[in-house]
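In the UniProt record's numbering, the protein residues as written are 1 to 163.
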């Protein structure tokens with residue numbers, strides 16, 4: 001597994017709620033490539049709760065949507081937007097848990113439409129939430145001109161374990 005380098009880190013005006021490391025209220029996700037999958041390990045926090053000690057479903061959707069976007073970035077080397085997201089909540093996630101794990105992979109590509117499946121696991125490895133995102137991808141030119149995106153690379157060294 002290798003850490004994915006954030007291509008926008010340091011870009012003026014970059015303040016994504018999902019992945020900007022300096023967004024004070026954001027979830028500050030980081031991503032890793034593990035074969036065909038993109039992985040993120042994230043620490044739940046009490047300020048993201050819905051019910052008492054329960055991670056808000058909207059935050060879960062943010063996490064799943066964001067990992068789907070990064071799957072497109074790394075695997076297809078372009079940007080785009082989520083056009084549809086189907087989410088299935090199976091079990092609650094405790095905001096006091098040490099971590100959650102997200103995994104996503106591309107299931108289908110039809111021209112500029114990409115179907116991505118993502119799962120969110122609790123600290124015990126149980127599937128808590130699943131999502132299927134339909135993503136509309138942009139041309140490489142639009143990604144470069146409008147999204148300031150040229151390439152999404154990984155760090156050279158392997159990471160054996162994050163947990």
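Glycine included, every Cβ here is placed at the ideal spot set by N, Cα and C.
Along the chain, where does the beta strand (DSSP E) containing residue i start, and where does it finish?
i, result
"residue 40", "37-42"
"residue 80", "80-89"
In whole angstroms, give me the CA-to-CA distance for residue i and residue j.
i, j, result
"residue 9", "residue 66", "16 Å"
"residue 80", "residue 62", "16 Å"
"residue 74", "residue 152", "5 Å"
"residue 115", "residue 96", "32 Å"
"residue 141", "residue 124", "42 Å"
"residue 3", "residue 117", "20 Å"
"residue 92", "residue 46", "14 Å"
"residue 14", "residue 70", "15 Å"
So, under 8 Å CB-CB, residue i and residue j are touching, yes? Tell me the CB distance rounded to an integer number of Å.
i, j, result
"residue 44", "residue 100", "6 Å"
If you follow the alpha helix (DSSP H) that residue i is in, where does it begin and where does it stop?
i, result
"residue 145", "140-147"
Enumerate in chain order the residues of its own chain whose CB-to-CB distance from residue i is below 8 Å, with the five nearest sequence positions on each side excluded.
i, result
"residue 77", "140, 151, 152"
Skipping 5 residues on each side, what residues in its chain have a beta carbon closer than 7 Å to that of residue i?
i, result
"residue 121", "100, 101, 127, 128"
"residue 11", "148"
Please list, in chain order, all residues of the same chain as residue i whose beta carbon is under 6 Å from its beta carbon, the five residues on each side excluded.
i, result
"residue 1", "32, 34, 159"
"residue 39", "32, 103"
*Just checking, does the stretch 117-130 make contact with the stretch 146-162 on the three C-beta pairs under 8 Å criterion?*
No contact exists between the stretch 117-130 and the stretch 146-162.
*Given 8 Å as the limit, is there contact between the stretch 21-38 and the stretch 85-101, that is, 3 or more CB pairs closer than that?*
The stretch 21-38 makes no contact with the stretch 85-101; the number of CB pairs closer than 8 Å stays below 3.
_Below 8 Å, how does it come out for the stretch 49-57 and the stretch 101-111: are there three or more Cβ pairs, yes or no?_
Judged by pairs of C-beta atoms under 8 Å, the stretch 49-57 does not touch the stretch 101-111, as fewer than three such pairs exist.
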